[in-house]
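Peer 1: Could you have a look at this structure, given as C-alpha cells, before my questions?
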C-alpha cells in the first residue's frame, strides 16, 4: 500500500513538471547557478519594425541549441528615462547556460552560425555582457 | 482507493513545489512576460574583492522588494574574450519585474533608497538596460 502510493507520486510529479513546461510558462528550474549571456543589438535600420521583427525571430531560433537553459528576447522597455539608462539599442537577448562550456558550445553550434549568416546584416553594433551568477 | 490516491497527489505536488522554492533553487515560474532591469556596475576600486563582496551583498538586499519577481547577481564570466564583449565592469544585477509599474515601485522603494545611500560609494559608473520581453 505504501509502495503503491509512492509509485503514484513519482509518476504524477513528473507528469506535472512536463505539463507545466509544455504550457509555455516561463520556467527556469534547473538547479545550479547560471551563466548569463546578455546581448544588445543596435539595428542598422532602427526605424524598421520589419527588421526588428526579423531579428527577434532569428534570435528565437537559438533556443534549439542544446546547452541553452533559457533564452528570452526583449525590446527597450518603457521605464522612466534616466541618464544611466542606455535605450539606444533595438533588441536584447538573454541566454542562460549552466556554465562556460555550455556558452562555448553555443558559439560554435551550427544553429548559431546560421543565425550569424542569416541575420547579421540587420545589426550595426552588438555589445555583450557575460555574467556568472554569484 | 482512487480518491485516496488523488488526495495524496495533491498534497505531495504542493509539497514538492514548496520544497523546491525553499531550497533556493533558481525558479522563475510566474506566468506572463517580464521586464528585465539589467544593471552593470563599475567598481571605484576594481581590485578590491572586499568592495565587490559588499556590493554583491547590497544588491541582494533588493530581493525583499515586493515587485521583484527574481533578482540575481553576477560577476564577469570566464568566457572567451572577444571584441564585442564588455568585461570592464565589476558586478551585474538582473532583476525581473512583471511590468513597468513594478520596476517604478522598486526605484522609489525604501530598500532601494537605502541601497543607494549605503552602497553607491562603491561604484564609479553604472549602465542600465531595461528590456520588455517579446
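Residue numbers (our numbering), protein chains in the order written: chain A, 1 to 134; chain B, 1001 to 1134. Glycine included, C-beta positions come from ideal geometry on N, C-alpha and C.
Check residue 121 (chain A) in the structure and name its three-state DSSP category.
Peer 2: If you number the first chain from 1, residue 121 (chain A) lands on position 121. Note: residue 121 (chain A) maps to helix in three-state DSSP.
Peer 1: Quick one: which chain A residues come within Cβ less than 7 Å of residue 1092 (chain B)?
Peer 2: By 1-based counting over the second chain, the position of residue 1092 (chain B) is 92. Result: 129, 131.
Peer 1: Counting Cβ pairs closer than 8 Å, one from the segment 46-57 of chain A and one from the segment 126-134 of chain A, do we hit at least three?
Peer 2: no
Peer 1: State whether the segment 1036-1043 of chain B contacts the segment 1088-1097 of chain B, with contact taken as three or more CB pairs (one from each stretch) at a distance under 8 Å.
Peer 2: yes
Peer 1: Residue 1049 (chain B) bridges to which residues according to DSSP?
Peer 2: Here residue 1049 (chain B) is taken as the residue at index 49 of the second chain, counted from 1. None; residue 1049 (chain B) has no bridge partner.
Peer 1: Would you identify the three-state DSSP class for residue 1084 (chain B), choosing helix, strand or coil?
Peer 2: By 1-based counting over the second chain, the position of residue 1084 (chain B) is 84. Of the three classes helix, strand and coil, the one that applies to residue 1084 (chain B) here is coil, per DSSP.
Peer 1: Which residues in chain B have a C-beta closer than 8 Å to the C-beta of residue 78 (chain A)? List them in chain order.
Peer 2: Your numbering for residue 78 (chain A) matches position 78 in the first chain. In chain order: 1100, 1132.
Peer 1: What's the call for residue 1025 (chain B), buried or exposed, on a 16-neighbour Cβ count within 10 Å?
Peer 2: Here the question's residue 1025 (chain B) lines up with position 25 in the second chain. Reliability fails at residue 1025 (chain B), whose pLDDT of 38 lies under 50, so the model's placement of it is uncertain and no value is given.
Peer 1: What three-state label does DSSP hand residue 70 (chain A) in the structure shown?
Peer 2: Here the question's residue 70 (chain A) lines up with position 70 in the first chain. Here residue 70 (chain A) sits in strand by DSSP.
Peer 1: Consult DSSP for residue 1034 (chain B) and reduce its assignment to one of helix, strand or coil.
Peer 2: By 1-based counting over the second chain, the position of residue 1034 (chain B) is 34. Correct three-state label for residue 1034 (chain B): coil.
Peer 1: Beta-carbon of residue 65 (chain A) versus every beta-carbon of chain B: anything under 8 Å?
Peer 2: In the first chain, residue 65 (chain A) corresponds to position 65, counting from 1. Chain B, which has no Cβ nearer than 8 Å to the Cβ of residue 65 (chain A), makes this no.
Peer 1: At the 8 Å Cβ level, is residue 111 (chain A) part of the contact set with chain B, yes or no?
Peer 2: The residue you call residue 111 (chain A) lines up with position 111 of the first chain. Interface with chain B (8 Å Cβ-Cβ cutoff): residue 111 (chain A) is excluded.
Peer 1: Taking residue 1061 (chain B) and residue 1111 (chain B) to be in contact with their CB atoms under 8 Å, please state how far apart those CB atoms are, rounded to whole angstroms.
Peer 2: As a working mapping, residue 1061 (chain B) is identified with position 61 in the second chain. As a working mapping, residue 1111 (chain B) is identified with position 111 in the second chain. Correct: roughly 6 Å between the Cβ atoms.
Peer 1: If contacts are defined as beta-carbon pairs under 8 Å, then residue 1102 (chain B) and residue 1067 (chain B) qualify, I think. What distance do you get, rounded to the angstrom?
Peer 2: As a working mapping, residue 1102 (chain B) is identified with position 102 in the second chain. As a working mapping, residue 1067 (chain B) is identified with position 67 in the second chain. Going by Cβ atoms, the distance from residue 1102 (chain B) to residue 1067 (chain B) rounds to 4 Å, so yes, they are a contact pair.
Peer 1: Tell me which residues share the same chain as residue 120 (chain A) and place their Cβ nearer than 8 Å to its Cβ, disregarding the 5 neighbours each side in the sequence.
Peer 2: Here residue 120 (chain A) refers to the residue found at position 120 when the first chain is read from its first residue. Excluding sequence neighbours, residue 120 (chain A) sits near nothing in its chain.
Peer 1: Taking C-beta pairs closer than 7 Å, name the residues in chain A that residue 1047 (chain B) reaches, listed in chain order.
Peer 2: The residue you call residue 1047 (chain B) lines up with position 47 of the second chain. Those within 7 Å of residue 1047 (chain B) in chain A number zero; the least Cβ separation is about 17 Å.
Peer 1: Classify residue 77 (chain A) as helix, strand or coil using the three-state DSSP reduction.
Peer 2: Start at 1 with the first residue of the first chain, and residue 77 (chain A) comes out as number 77. Looking at residue 77 (chain A) - three-state DSSP - the assignment turns out to be coil, as it is neither helix nor strand.
Peer 1: Do the CB positions of residue 122 (chain A) and residue 64 (chain A) come within less than 8 Å of each other?
Peer 2: As a working mapping, residue 122 (chain A) is identified with position 122 in the first chain. As a working mapping, residue 64 (chain A) is identified with position 64 in the first chain. For residue 122 (chain A) and residue 64 (chain A), no; Cβs fall outside 8 Å.
Peer 1: Could you check the C-alpha separation between residue 113 (chain A) and residue 47 (chain A) for me, to the nearest Å?
Peer 2: As a first step, residue 113 (chain A) is located in the first chain; it is residue number 113 there, counting from the start. As a first step, residue 47 (chain A) is located in the first chain; it is residue number 47 there, counting from the start. Near 26 Å, if we compare the C-alpha coordinates of residue 47 (chain A) and residue 113 (chain A).
Peer 1: Please report how far the alpha carbon of residue 1069 (chain B) lies from the alpha carbon of residue 1079 (chain B), in whole angstroms.
Peer 2: Mapped onto the second chain, residue 1069 (chain B) falls at position 69. Mapped onto the second chain, residue 1079 (chain B) falls at position 79. For residue 1069 (chain B) and residue 1079 (chain B), the distance between alpha carbons rounds to 27 Å.
Peer 1: I want to verify the contact list: residues of chain A whose CB lies under 8 Å from the CB of residue 1056 (chain B), in sequence order.
Peer 2: In the second chain, the residue the question calls residue 1056 (chain B) occupies position 56. Simply 134.
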